[in-house]
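Residue numbers (this note's numbering), protein chains in the order written: chain A, 290 to 564; chain B, 290 to 564. Every residue gets a Cβ at the ideal spot worked out from N, C-alpha and C, and that includes glycine.
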Ligand SMILES: [K+]
Ligand SMILES: [K+]
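Next up, the structure:
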């Protein structure tokens with residue numbers, strides 16, 4: 290009976306409703322994408338044109354000053370761009386650890402990417418094995434964090450002589466507060482240490498914790514890793530891991546909520562079937 | 290009773306087992322990160338040194354040829370790097386749509402990033418609202434895809450006069466095959482159209498479908514969007530959306546499997562409690 294519950298034949302009414310729902314989600318997401326495209330086009334396009342003009346003028350000036358042909362200049366551009374990543378040692382142990390973290394958490398800044406074929410092949414294998422592992426770890430730690438918060442909330446409630454029962458809503462609120470706290474702490478620390486503007490720093494933290502990870506702002510990139518204090522390196526990697534754990538605990542709670550709803554639904558259906 | 294099932298008090302044996310499990314996951318993941326760091330350090334470090342030397346030599350040669358001081362050269366480098374993104378129009382409608390897709394799917398190549406403050410602020414808001422929406426869409430479409438595959442498998446089995454029942458294992462196998470097919474089709478198409486090596490193309494596809502998205506290989510970046518055939522633009526965005534849908538359908542199946550296990554566990558526990 291269970292499989293038919295999950296995958297109803299193509300003609301039942303519940304299946305039609307599900308199809309319509311899915312279609313609505315698809316259309317909704319596409320409309321949202323189109324809205325996004327329109328907004329970003331408006332916001333960034335004009336600025337892009339201004340910067341292009343500025344770029345072209347600067348280049349012509351430089352070519353005249355240094356008596357450089359267009360071909361020379363293009364060669365120079367390609368040297369500078371191709372080799373820019375080598376200005377800083379990316380692959381010492383700390384750098385490689387940072388790289389592995391960025392792969393397993395799915396953030397993928399792209400501040401360091403493998404240049405050798407073997408590096409690429411190993412990255413593929415490393416990711417395929419490691420990603421399920423790290424997802425399980427984050428879910429498991431997130432679940433433990435939920436336990437800990439529930440325990441603390443219970444103690445707190447007992448002290449104030451209220452009911453001992455902790456609702457899911459209270460738990461979610463706590464996690465939301467923790468997320469905001471992590472975000473603001475992170476943003477402030479990177480604002481101080483990386484000399485980014487506060488908006489850029491907040492933008493970096495949000496893009497990291499959502500695991501989008503554009504890589505336009507990446508901490509620890511202004512000098513070699515061994516020139517940074519260890520505390521700051523720990524803070525950077527710790528920020529990523531802590532932030533993602535808190536988000537995992539929220540998602541763990543939401544999945545469990547779904548499980549509960551599903552269980553209740555099945556129970557109700559079984560009760561109805563028995564009557 | 291349910292909340293204590295989910296968040297057992299800190300002293301029960303089941304809680305200790307859970308803590309130990311979580312600790313084991315954490316240690317396992319950290320060991321895996323250290324192994325990764327060691328391997329990538331070995332693979333990439335020596336190559337990095339060779340490239341650095343090559344870079345330094347090229348630069349000196351250029352400086353001598355064009356009678357350029359170190360200061361001049363650094364200024365030129367910064368102009369070229371800062372403005373490299375303006376060599377191609379990123380923010381027309383198609384580019385902005387591509388950008389929105391890359392944000393909502395959490396891939397975040399970083400091939401185009403907002404340069405204005407308003408662009409950054411809107412990206413933050415856009416992501417926070419849109420990501421839950423697109424996750425729900427992918428899960429919903431994935432669930433429908435599961436239904437469709439089950440339906441097709443049933444028909445196929447009926448034709449060959451076998452049992453009509455479709456197991457989860459058969460469904461997962463089908464999805465694994467579909468994933469591999471999408472991956473290889475994608476890799477081959479990008480190999481042809483972007484002139485990447487086959488390994489690079491496969492590496493790109495894997496990094497995209499895992500949503501890591503380093504951004505070292507990004508399709509549609511060699512000329513302006515309006516110079517590409519529409520079919521290829523559709524294919525690129527379609528590849529991302531299709532691939533992620535197939536992965537979502539596998540994850541939907543695994544979550545449902547977990548729900549089922551959980552339901553059975555609770556049922557068993559209730560039966561024992563009633564006896
Ligand atoms: K990413
Ligand atoms: K990324």
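First and last residue of the uninterrupted alpha helix (DSSP H) at residue i
{"i": "residue 454/A", "result": "Counting along the chain, residue 454/A falls outside any alpha helix (DSSP H), and DSSP gives it neither H nor E."}
{"i": "residue 338/A", "result": "302-354"}
{"i": "residue 438/A", "result": "406-448"}
{"i": "residue 398/A", "result": "Premise fails: residue 398/A is in no alpha helix (DSSP H) and is neither H nor E."}
{"i": "residue 392/A", "result": "382-393"}
{"i": "residue 496/B", "result": "487-498"}
Residue burial classification, residue i (beta-carbon count within 10 angstroms, cutoff 16)
{"i": "residue 419/A", "result": "buried"}
{"i": "residue 305/A", "result": "exposed"}
{"i": "residue 536/A", "result": "buried"}
{"i": "residue 466/B", "result": "exposed"}
{"i": "residue 429/B", "result": "buried"}
{"i": "residue 560/A", "result": "exposed"}
{"i": "residue 313/A", "result": "exposed"}
{"i": "residue 294/B", "result": "Low confidence applies here, because residue 294/B scores a pLDDT of 37, under 50, leaving its location unreliable; read the following figure in that light. So residue 294/B counts as exposed."}
{"i": "residue 290/B", "result": "The predicted position of residue 290/B is uncertain, since its pLDDT is 32 and thus under 50; no value can be drawn from it."}
{"i": "residue 508/A", "result": "buried"}
{"i": "residue 403/A", "result": "buried"}
{"i": "residue 494/A", "result": "buried"}
{"i": "residue 391/B", "result": "buried"}
{"i": "residue 386/A", "result": "buried"}
{"i": "residue 441/A", "result": "exposed"}
{"i": "residue 303/B", "result": "exposed"}
{"i": "residue 292/A", "result": "For residue 292/A, the predicted structure reports a pLDDT of 36, less than 50, and the residue's modelled location is therefore unreliable. A value from the coordinates is still provided. Exposed, by the Cβ-count rule."}
{"i": "residue 369/A", "result": "buried"}
{"i": "residue 320/B", "result": "exposed"}
{"i": "residue 433/A", "result": "buried"}
{"i": "residue 384/A", "result": "buried"}
{"i": "residue 316/A", "result": "exposed"}
{"i": "residue 463/B", "result": "buried"}
{"i": "residue 515/B", "result": "exposed"}
{"i": "residue 456/A", "result": "exposed"}
{"i": "residue 405/A", "result": "exposed"}
{"i": "residue 546/A", "result": "exposed"}
{"i": "residue 248/A", "result": "The structure shown does not extend to residue 248/A, since chain A is modelled only from 290 to 564, so the question has no answer here."}
{"i": "residue 409/B", "result": "buried"}
{"i": "residue 389/A", "result": "buried"}
{"i": "residue 379/A", "result": "buried"}
heavy atom of ligand 3 below 7 angstroms from residue i C-beta
{"i": "residue 325/A", "result": "Annotation note on ligand 3: not contained in the displayed structure, which lists ligand 1 and ligand 2 as its ligands."}
Handout entry: Check your reading: residues with Cβ closer than 6 angstroms to ligand 1 heavy atoms
Key = 395/A, 396/A, 397/A, 500/A, 501/A, 502/A, 395/B, 396/B, 397/B, 500/B, 501/B, 502/B
Exercise for the section: Count the C-beta pairs between the stretch 352-370 of chain A and the stretch 354-368 of chain B that are closer than 8 angstroms, then say yes if the count reaches three, no if not. Expected result: yes
Practice task
Indicate whether the contact test is met: 3 or more Cβ pairs, each with one atom in the stretch 391-404 of chain A and one in the stretch 499-518 of chain A, closer than 8 angstroms.
Solution key: yes
Exercise for the section: Count the C-beta pairs between the stretch 320-338 of chain A and the stretch 331-343 of chain B that are closer than 8 angstroms, then say yes if the count reaches three, no if not. Expected result: no
Handout entry: Stretch pair the stretch 411-427 of chain B + the stretch 520-531 of chain A: three plus CB contacts closer than 8 angstroms
Key = no
Practice task
Kindly confirm or deny that the stretch 337-348 of chain A and the stretch 466-483 of chain A touch, where touching means at least three C-beta pairs closer than 8 angstroms.
Solution key: no
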